[in-house]
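Protein chains in written order, with the working numbering: chain S, 51 to 773; chain H, 2 to 130. Each remark here refers to the structure printed beneath this line.
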Amino acid sequence: MSSFEQLKHTFFDECSDLLQQVEQGLTDIREQNGSDDTVNAVFRAVHSIKGGAGIFGFDSLVGFAHVFETVLDAIRSDRLAISPDNVDTLLTAGDVLSDLVTMSRAGETPAEDYGRDCRMALEALMCIEQGEEGEALGEDFADLDFVPVPFVPDEEEESGHVYEISFRPGAELLKKGNEPLFILRELRALGTLELSADAARVPPLSEIEFDQPYVSWTGTLKTSADLAAVEGVFDFVSDDCDLSIVEKASAPALALPPDAPTPVPEVGAPVMPEPLPAAMAPPLVPADAPKPVEAGEAKAALAKPAETKAAPPKAVATTTRVELEKIDRVVNMVGELVIAQAMLGQIVQDLPEHISGRLLQTLDEVVHHTRELKDSVMSMRAQPVGAVFQRMPRLVRELATKTGKKVRLEMSGENTEVDRSIVEQLADPLTHIIRNSVDHGIEKPADRLASGKSEEGTIRLGAEHRGGRIVIEIKDDGAGVNPERVLKKARERGLVSADAQLTDDEITNLIFMPGFSTAETVSDISGRGVGMDVVRRNIQDIGGRISLKSERGKGMTIQLALPLTLAVMDGMVIRVGRETYVVPMSAMVECLRPPRSDIHGLVGTRGMLRLRGELLPIVHLGELLDVASTESDAGGVVIIAEAGEDIRFGLRVDELCGHQQVVIKSIEESYGSIPGIAAATILGNGRVAFILDTEKLYEMAASEPPAPAGAIRSENAAFALGN
Amino acid sequence: MPIASTLKVLIVDDQNSVRQMTRLTLEELGIRQIYEAENGKSAFQTATLQPVDLIISDFNMPEMDGLGLLRAVRGHQAIRKLPFILLTGRGDRELVVKAAQAGVNNYLVKPFTTPILREKIEQVLGKLT
Numbered sequence: 051m052s053s054f055e056q057l058k059h060t061f062f063d064e065c066s067d068l069l070q071q072v073e074q075g076l077t078d079i080r081e082q083n084g085s086d087d088t089v090n091a092v093f094r095a096v097h098s099i100k101g102g103a104g105i106f107g108f109d110s111l112v113g114f115a116h117v118f119e120t121v122l123d124a125i126r127s128d129r130l131a132i133s134p135d136n137v138d139t140l141l142t143a144g145d146v147l148s149d150l151v152t153m154s155r156a157g158e159t160p161a162e163d164y165g166r167d168c169r170m171a172l173e174a175l176m177c178i179e180q181g182e183e184g185e186a187l188g189e190d191f192a193d194l195d196f197v198p199v200p201f202v203p204d205e206e207e208e209s210g211h212v213y214e215i216s217f218r219p220g221a222e223l224l225k226k227g228n229e230p231l232f233i234l235r236e237l238r239a240l241g242t243l244e245l246s247a248d249a250a251r252v253p254p255l256s257e258i259e260f261d262q263p264y265v266s267w268t269g270t271l272k273t274s275a276d277l278a279a280v281e282g283v284f285d286f287v288s289d290d291c292d293l294s295i296v297e298k299a300s301a302p303a304l305a306l307p308p309d310a311p312t313p314v315p316e317v318g319a320p321v322m323p324e325p326l327p328a329a330m331a332p333p334l335v336p337a338d339a340p341k342p343v344e345a346g347e348a349k350a351a352l353a354k355p356a357e358t359k360a361a362p363p364k365a366v367a368t369t370t371r372v373e374l375e376k377i378d379r380v381v382n383m384v385g386e387l388v389i390a391q392a393m394l395g396q397i398v399q400d401l402p403e404h405i406s407g408r409l410l411q412t413l414d415e416v417v418h419h420t421r422e423l424k425d426s427v428m429s430m431r432a433q434p435v436g437a438v439f440q441r442m443p444r445l446v447r448e449l450a451t452k453t454g455k456k457v458r459l460e461m462s463g464e465n466t467e468v469d470r471s472i473v474e475q476l477a478d479p480l481t482h483i484i485r486n487s488v489d490h491g492i493e494k495p496a497d498r499l500a501s502g503k504s505e506e507g508t509i510r511l512g513a514e515h516r517g518g519r520i521v522i523e524i525k526d527d528g529a530g531v532n533p534e535r536v537l538k539k540a541r542e543r544g545l546v547s548a549d550a551q552l553t554d555d556e557i558t559n560l561i562f563m564p565g566f567s568t569a570e571t572v573s574d575i576s577g578r579g580v581g582m583d584v585v586r587r588n589i590q591d592i593g594g595r596i597s598l599k600s601e602r603g604k605g606m607t608i609q610l611a612l613p614l615t616l617a618v619m620d621g622m623v624i625r626v627g628r629e630t631y632v633v634p635m636s637a638m639v640e641c642l643r644p645p646r647s648d649i650h651g652l653v654g655t656r657g658m659l660r661l662r663g664e665l666l667p668i669v670h671l672g673e674l675l676d677v678a679s680t681e682s683d684a685g686g687v688v689i690i691a692e693a694g695e696d697i698r699f700g701l702r703v704d705e706l707c708g709h710q711q712v713v714i715k716s717i718e719e720s721y722g723s724i725p726g727i728a729a730a731t732i733l734g735n736g737r738v739a740f741i742l743d744t745e746k747l748y749e750m751a752a753s754e755p756p757a758p759a760g761a762i763r764s765e766n767a768a769f770a771l772g773n
Numbered sequence: 002m003p004i005a006s007t008l009k010v011l012i013v014d015d016q017n018s019v020r021q022m023t024r025l026t027l028e029e030l031g032i033r034q035i036y037e038a039e040n041g042k043s044a045f046q047t048a049t050l051q052p053v054d055l056i057i058s059d060f061n062m063p064e065m066d067g068l069g070l071l072r073a074v075r076g077h078q079a080i081r082k083l084p085f086i087l088l089t090g091r092g093d094r095e096l097v098v099k100a101a102q103a104g105v106n107n108y109l110v111k112p113f114t115t116p117i118l119r120e121k122i123e124q125v126l127g128k129l130t
């Protein structure tokens, strides 16, 4: 049964969610943020895992989950108090459960005694006797005096009446402002209503008159109300319709024969009064149109009642799982759409004005919708960073145990959403940073006490949206970076020359150099040869920035600033000479055309711009990329751009061509990483333009002495020009 | 005698995998008209809006649990006699007692096999054909 395999897959997907709930809940309980509901939620999750595992035959999982669940049940019914020890046991149990799920998913059979210690600890909590859960699977509770209750169909409602109703609205009914729908609803309120609609008289759409009722109904009403009450429903329309209400002696059509409880036979095409009309009234009707119009429209839509009967609604679900591939395909299509729309815009602009006027208007709408479409698709791909954060408490716990340190992890902003591809790629760097923090940052309890800190170290992990990016901060209150040690190490490894004078900040940032690791001894936690350089690489690969601040003896803060999406972004199209580039809007602060008097020559720079009392270095894009500028020095536009936290500079370009959504196309696969270029995109005119990496540009400019054009590495220049 | 293919069954469970497994098992019994709901609340809505012949509901669910659903059904004039089978886990003995008091027709311990499911349904509705 291949569908069985598929269901297993679904089950394990659910397990991941459930395990997350378990982890989250237990963490809350540990932090004493938990309420009764928290325990309940954890219990429910474990219970669900157990239930599913039973169905799919993962016995070891069932066994463990059962013991776990029993303890949780005791806690939620106040038979067991929550103490720090208990919570630790529960957290470990959560870990074991997660391991068992992972093993089951991989198709491994967990060792017989896997998680035995934990299980025994749980059993000890409850004084559960071992093997108590070994009742036979799927068996009834034999000791329970339960007798199944056979379903006895209603003979007849005690004081029930059954009326046969035939209702045919007359020509005047709608015109007088009556609405058959309301009448039927009222009728239904009296009891069980089974109606079939006769739509035979509905003419073709073109001949429909909106104030004519074409549909009539016949059926039965089973109710305790008397005839007068039923007739009362039709009071207002009795003159304008053919109505017959006949009481039947008994109700064979509705009540089931006692020996054959078959479901209620369907009389013709039953009309479900509630959901149908809502779908029937198309938004063609102006809001201020008189009532009967709507009804007329409704009649028209009723023309094919048979179809409504054919498809009963299936699952009632508010969410649905969609394969990522499908969403990615939509994302790609939206990308292409953005390009096509930009091209269209270009073509329209080249048309004579009397033609382009209206086109432009419509195009504006298309642009608007495309943007919304993009946003919706992106939000579909968005995932809370909590998905990654969730894994960290366990990591910290395990590391703390291994290193004999006391560490508390505080998390905030778990619900901050970001594109899921970024969430995925965040796991490794984050794990590494946290590992470093516990292993190198947080001191041993004794050392902490000696330096006047509390025994327990704290790591704060937070996420928030800031200016079109998501910023993730990992902050610990450990020892921070020791500049002397870092410098010594860097010199030993030949990463800096012996006589180099470096500021503390520069020294701190040396830990991002390839091949750097300061742990005196390589522990089995961090220092496996994967250093912070890899972390930085990973973050840069997804268009992010990493920055580090350290205060010796007080702790260290690492900040990751990441783009929200990897597929489409807002960009400013600019021109230098004959080349076109795109500057990410997220990196731009402002644009200006500074008067010559505001630009100051300063030795060792290409000029400084005085902006509101602040001096900013100017980087000439043309020079940096070896593209001949067509503007004189006095001309051109300066873009004030950001290159990392608190660093701003002026990027001088020839011209701004316009703001546009651009689709990011990676060039790394084809060309490798090119300094200063983040990616490429396709513009409206079909040409390729490079998306600039402002941070890198700034670094390049800072590391290169101001030199005449041509000094830039030739392969990049050739590439930049060759396009 | 109920005809399996005309029987309308509503499965209520918050876990999609369990719903689908139950659906598969019901389909093996020849039951074709199967509705699903994720929790008691939406199940109750479904049961009041369209004809359903049998509810098979899990206990543990957010929003409204199986017992809540059972009580809601029993308290609703039009569907108060609707046959109701409660899914339980082993160990949920007390739950079965409560459900019996609330008027459940039968219970079914997870995990279950096709024959057991048939037996439980037939105990309530009569022999399936």
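A virtual CB, placed ideally from N, CA and C, is assigned to each residue, including glycine.
Would residue i pass as a contact of residue j if the rule is Cβ separation under 8 Å?
| i | j | result |
| --- | --- | --- |
| ALA44 of chain H | ILE56 of chain H | yes |
| ASP583 of chain S | MET606 of chain S | no |
| GLY491 of chain S | ARG498 of chain S | no |
| PHE217 of chain S | LEU293 of chain S | yes |
| TYR213 of chain S | VAL121 of chain S | no |
| MET619 of chain S | LEU706 of chain S | no |
| VAL703 of chain S | PRO644 of chain S | no |
| ARG519 of chain S | LEU612 of chain S | yes |
| ILE557 of chain S | VAL585 of chain S | no |
| PRO434 of chain S | ASN465 of chain S | yes |
Among residues of its own chain, excluding the 5 on either side of residue i, which ones have a beta-carbon nearer than 6 Å to its beta-carbon?
| i | result |
| --- | --- |
| SER487 of chain S | ILE509 and ASP526 |
| LEU187 of chain S | Below a pLDDT of 50, predicted positions are generally treated as unreliable, and LEU187 of chain S, at 44, falls in that range; the measurement from the model is reported next regardless. Nothing listed; no residue qualifies. |
| LEU771 of chain S | At LEU771 of chain S, the pLDDT of 32 sits below 50, so the modelled position is not reliable and the matter cannot be decided from this model. |
| LEU111 of chain S | ALA103, LEU150 and SER154 |
| CYS168 of chain S | THR142, ALA143 and VAL146 |
If you draw a straight line from the C-alpha of residue i to the C-alpha of residue j, how long is it?
| i | j | result |
| --- | --- | --- |
| SER6 of chain H | ALA239 of chain S | 30 Å |
| THR152 of chain S | ASP145 of chain S | 10 Å |
| HIS709 of chain S | ARG33 of chain H | 56 Å |
| ASN61 of chain H | PHE201 of chain S | 24 Å |
| GLU73 of chain S | GLU120 of chain H | 39 Å |
| VAL416 of chain S | LEU409 of chain S | 10 Å |
| GLU347 of chain S | PHE260 of chain S | Caution applies to GLU347 of chain S, whose pLDDT of 45 falls short of 50 and renders its modelled position unreliable; the value that the coordinates give is listed next. Taking the straight line joining both Cα atoms gives about 6 Å. |
| ASP676 of chain S | LYS503 of chain S | 54 Å |
| ALA350 of chain S | ALA48 of chain H | Because the pLDDT at ALA350 of chain S is just 44, under 50, the model does not fix this residue reliably, and the value given afterwards should be weighed accordingly. Roughly 29 Å between the two C-alpha positions. |
| VAL287 of chain S | SER256 of chain S | 28 Å |
| HIS97 of chain S | GLY512 of chain S | 31 Å |
| PHE108 of chain S | PHE191 of chain S | 22 Å |
| ARG94 of chain H | LEU194 of chain S | 8 Å |
| SER18 of chain H | LEU88 of chain H | 14 Å |
| ILE596 of chain S | GLU514 of chain S | 15 Å |
Please compile the residues from chain S whose C-beta is within a distance smaller than 7 Å of the C-beta of residue i.
| i | result |
| --- | --- |
| ARG75 of chain H | What ARG75 of chain H touches in chain S: nothing, since even the nearest Cβ is about 12 Å away. |
| ALA101 of chain H | PHE196 |
Going along chain S, which residues have a C-beta under 8 Å from residue i?
| i | result |
| --- | --- |
| VAL10 of chain H | What VAL10 of chain H touches in chain S: nothing, since even the nearest Cβ is about 10 Å away. |
What residues in its chain sit with their C-beta under 8 Å from that of residue i, if we drop five residues either side in the sequence?
| i | result |
| --- | --- |
| LYS604 of chain S | ASP527 and GLY530 |
Who are the neighbours of residue i on chain H, taking C-beta pairs under 8 Å?
| i | result |
| --- | --- |
| VAL199 of chain S | GLY104, VAL105, ASN106, ASN107 and VAL125 |
| THR242 of chain S | ALA79 |
Just to make sure I have the definition right: I need the residues of chain H whose C-beta is within less than 7 Å of the C-beta of residue i. Which are they?
| i | result |
| --- | --- |
| LYS100 of chain S | GLY90 |
| HIS97 of chain S | ASN61 and GLY90 |
| PHE191 of chain S | ARG94 and VAL97 |
Going along the chain, which residues of its own chain have a beta-carbon closer than 7 Å to the beta-carbon of residue i, five neighbours each way excluded?
| i | result |
| --- | --- |
| ILE389 of chain S | VAL713 and ILE732 |
Could you tell me which chain S residues have their CB closer than 9 Å to the CB of residue i, listed as they occur along the chain?
| i | result |
| --- | --- |
| MET22 of chain H | PHE54, LEU57, PHE61, GLY102, ILE105 and PHE106 |
Between the stretch 392–409 of chain S and the stretch 731–738 of chain S, can you find at least three pairs of beta-carbon atoms closer than 8 Å?
yes
Cβ contact (3+ pairs, closer than 8 Å) linking the stretch 403–422 of chain S and the stretch 447–465 of chain S:
No, the stretch 403–422 of chain S is not in contact with the stretch 447–465 of chain S.
Answer yes if the stretch 405–420 of chain S comes into contact with the stretch 462–478 of chain S, meaning at least three C-beta pairs across the two stretches below 8 Å, and no otherwise.
The stretch 462–478 of chain S vs the stretch 405–420 of chain S: no contact.
With a cut-off of 8 Å, do at least 3 Cβ pairs link the stretch 614–633 of chain S to the stretch 657–664 of chain S?
no
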